[in-house]
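**Student:** Quick note on the working numbering: the sequence shown kicks off at 402 and runs consecutively.
For every residue, glycine included, the Cβ atom is placed at its ideal position computed from N, Cα and C.
Just so you know, these numbers come straight off a predicted model, no measurement behind them.
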Amino acid sequence: MEETVFYVESILNYSFKDKRLLEEALTHSSHTDSASYQRLEFIGDAALGLALSNYVFLAYPQLDPGQLSLLRAANISTEKLARVAVKHGFYRFVRHNAVPLDDKVREFAEAVSQEDDAAVYGGSVKAPKILADIVESIAAAIYVDVNFDLQRLWVIFRGLLEPIITLDDLKQQPQPVTLLFELCQKQGKQVDIKHWRAKTKTIASVFVDGVFIASGSSDQKEIAKLNAAKEALHKLSHSMPISVGMFEIFNDTDGNFEIEGAKQKLHEICCKKKWPKPTYKTAHGPGFAAIDWEKIEKDEGPAHDKKFISSVQIATTDGVLFMMGEEKSRVKDAENCAASLMIRALQESTYL
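This is the structure in structure tokens:
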């Protein structure tokens with residue numbers, strides 16, 4: 402452990418008066434031979450939060466409390482601190498007896514290595530909490546070692562947190578789910594995000610006023626929700642006013658999801674999988690705000706301006722899957738749209 406302490410001190414550019422503090426900060430609860438970092442993590446979380454509060458308060462004198470809170474949260478989030486741990490290689494010094502942690506950390510580190518820019522709200526793999534815990538524990542060890550001097554902690558620790566997430570970073574990468582709800586609320590629309598499990602994947606689907614907009618998938622529910630919100634924002638950008646600067650993060654999809662002959666292809670998929678044939682329901686009328694998930698019935702609007710929306714339902718060996726399409730001027734097109742989305746969802750969830 403003496404060699405480990407030496408290496409970590411060199412990373413921190415700080416020599417501990419009480420080396421045992423750093424040893425404790427690097428000990429996971431699964432290592433039962435000595436005290437774990439849990440107590441230090443408790444105080445480290447608070448100390449880092451206060452240190453960041455002081456920093457953003459002084460650095461941004463014109464910001465209101467809400468904006469200051471967003472900046473602080475972004476810089477001490479689990480996603481941010483986990484990336485700090487990866488950047489400085491802290492995990493390799495941790496004493497633990499929990500082998501599964503190694504695989505989770507390795508997967509996350511590989512994903513982070515492929516990120517072009519700072520992922521303010523997380524990337525393709527959810528950050529393992531242990532990585533953020535390590536950073537908070539090391540911060541606490543320093544804080545206690547300097548006799549609870551917050552200014553000294555910040556001087557020693559700030560360099561590890563670089564690059565600090567700035568207000569410009571937040572403007573360039575607005576939180577997708579928050580942005581989606583804010584955008585729709587301004588337009589007087591209601592957002593609903595529904596989740597369903599398909600084998601090892603979670604599928605998140607975004608509905609606006611009851612109309613399906615987009616879906617996203619991931620091993621983790623929160624990442625699936627994030628992906629769905631990004632895709633929904635991309636599609637809604639064509640019909641709602643979103644500034645180009647705010648939307649640059651979501652321009653990596655082409656928005657082309659419809660599959661030619663999707664209804665027939667979905668039927669063939671069900672036959673091949675020995676599932677019952679798909680069932681469709683169609684509603685028509687402007688807005689479709691009152692669509693009933695169990696029984697879709699609506700008949701509004703002049704005959705020459707009918708719009709249709711279809712849902713499709715299939716029964717798999719794992720349960721019933723439901724997908725709703727977009728507004729179309731013909732029933733045939735509405736059903737094809739719903740079938741296309743169902744096929745895309747099946748592909749994302751590893752059914753195909």
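#1: Would you kindly work out how many angstroms separate the C-alpha atoms of residue 543 and residue 611, rounded to a whole number?
#2: If you check the beta carbons only, do residue 666 and residue 744 fall under 8 Å apart?
#3: Which parts of the stretch 541–624 are runs of the alpha helix (DSSP H), unbroken and 4 residues or longer, counting only runs that do not cross its ends?
#4: Which partner residues does residue 722 have in the DSSP bridge list?
#5: What separation, rounded to the nearest whole angstrom, lies between the Cα atoms of residue 546 and residue 554?
#6: With C-beta atoms as the reference, is residue 489 less than 8 Å away from residue 580?
#7: Could you pull out every unbroken alpha helix (DSSP H) segment of at least 4 residues lying fully inside the stretch 435–464, listed in chain order?
#8: At what residues does the alpha helix (DSSP H) containing residue 409 begin and finish?
#9: Hey, how far is the Cα of residue 595 from the Cα of residue 609?
#10: Do you know offhand how far residue 404's Cα is from residue 536's?
#11: Considering just the uninterrupted stretch of the alpha helix (DSSP H) at residue 679, what are its terminal residues?
#12: Could you check what DSSP says for residue 539 in three-state terms: helix, strand or coil?
#13: Per DSSP, what are the beta-bridge partners of residue 428 in this structure?
#14: Alpha carbons only, please: which of 402, 452, 413 and 625 is nearest the one belonging to residue 597?
#15: Leaving aside the five residues before and after residue 538 along the sequence, list all residues of the same chain whose C-beta is less than 7 Å from its C-beta, in chain order.
#16: Out of 532, 496 and 402, which has the shortest C-alpha to C-alpha gap to residue 513?
#17: Does residue 466 come out as helix, strand or coil in the three-state DSSP assignment?
#18: Just mark residue 428 as buried or exposed, buried being the case when its beta carbon has 16 or more other beta carbons within 10 Å.
#19: Tell me the rounded alpha-carbon separation between residue 500 and residue 453.
#20: With C-beta atoms as the reference, is residue 599 less than 8 Å away from residue 448?
#21: When the Cα atoms are used, what is the spatial distance from residue 572 to residue 472?
#22: Below 8 Å CB to CB, which residues in the same chain sit around residue 469 once its five sequence neighbours on both sides are set aside?
#23: Indicate whether residue 741 and residue 660 have their beta-carbon atoms separated by less than 8 Å.
#24: So, with DSSP's three-state summary, where would you put residue 660?
#25: I need the DSSP call for residue 528, collapsed to helix, strand or coil.
#26: Compute the distance between the beta-carbons of residue 682 and residue 712, then report whether it is under 8 Å.
#27: Drop a sphere of 10 angstroms on the beta-carbon of residue 601, count the other beta-carbons inside from all chains shown, and report buried for 16 or more, exposed for fewer.
#28: When burial is assigned at 16 or more other CB atoms within 10 Å of the CB, is residue 695 buried or exposed?
#29: Which of the three DSSP states is assigned to residue 734 in this structure?
#30: Would DSSP call residue 508 helix, strand or coil?
**Tutor:** Walking through what the data contain:
#1: One C-alpha to the other measures close to 52 Å.
#2: With contacts defined as CB atoms closer than 8 Å, residue 666 and residue 744 qualify as a contacting pair.
#3: If we require 4 residues or more, the alpha helix (DSSP H) runs fully inside the stretch 541–624 come out as 551–562, 568–573 and 577–587.
#4: For residue 722, which the question treats as bridged, DSSP gives the partners 715.
#5: Residue 546 and residue 554: Cα-Cα distance of roughly 9 Å.
#6: No. Outside cutoff.
#7: Counting whole runs of 4 or more residues, the stretch 435–464 contains the alpha helix (DSSP H) stretches 439–460.
#8: Membership of residue 409 in the alpha helix (DSSP H) is indicated by the continuous run 403–413.
#9: Approximately 11 Å between the Cα atoms of the pair.
#10: Cα to Cα, residue 404 sits roughly 19 Å from residue 536.
#11: Secondary structure note for residue 679: it is in no alpha helix (DSSP H), with a DSSP letter that is neither H nor E.
#12: Residue state, collapsed to three classes: helix.
#13: 496.
#14: The shortest C-alpha separation from residue 597 is found at 625.
#15: Correct list, in chain order: 426, 438, 441, 442 and 445.
#16: The option with the nearest alpha carbon to residue 513 is 532.
#17: Secondary structure of residue 466 (DSSP, three-state): helix.
#18: With 16 or more neighbouring CB atoms inside 10 Å of its own CB, residue 428 falls in the buried class.
#19: Going by C-alpha positions, residue 500 is about 33 Å away from residue 453.
#20: No; because the gap between Cβ atoms is not below 8 Å, this pair is not in contact.
#21: Rounded to the nearest angstrom, the two C-alpha atoms are 11 Å apart.
#22: Within the same chain, Cβ atoms closer than 8 Å to the Cβ of residue 469 are found at 454, 457, 458 and 461, the five residues on either side in sequence being excluded.
#23: Residue 660 is positioned such that its CB atom lies closer than 8 Å to that of residue 741.
#24: Looking at residue 660 - three-state DSSP - the assignment turns out to be coil, as it is neither helix nor strand.
#25: Correct three-state label for residue 528: coil.
#26: It is a contact, given that the beta carbons lie within the stated cut-off.
#27: With fewer than 16 Cβ atoms within 10 Å of its Cβ, residue 601 is classed as exposed.
#28: Unreliable placement is indicated for residue 695, whose pLDDT of 35 sits below 50; the coordinate value is still reported in the next sentence. It counts as exposed.
#29: Note: residue 734 maps to helix in three-state DSSP.
#30: Helix.
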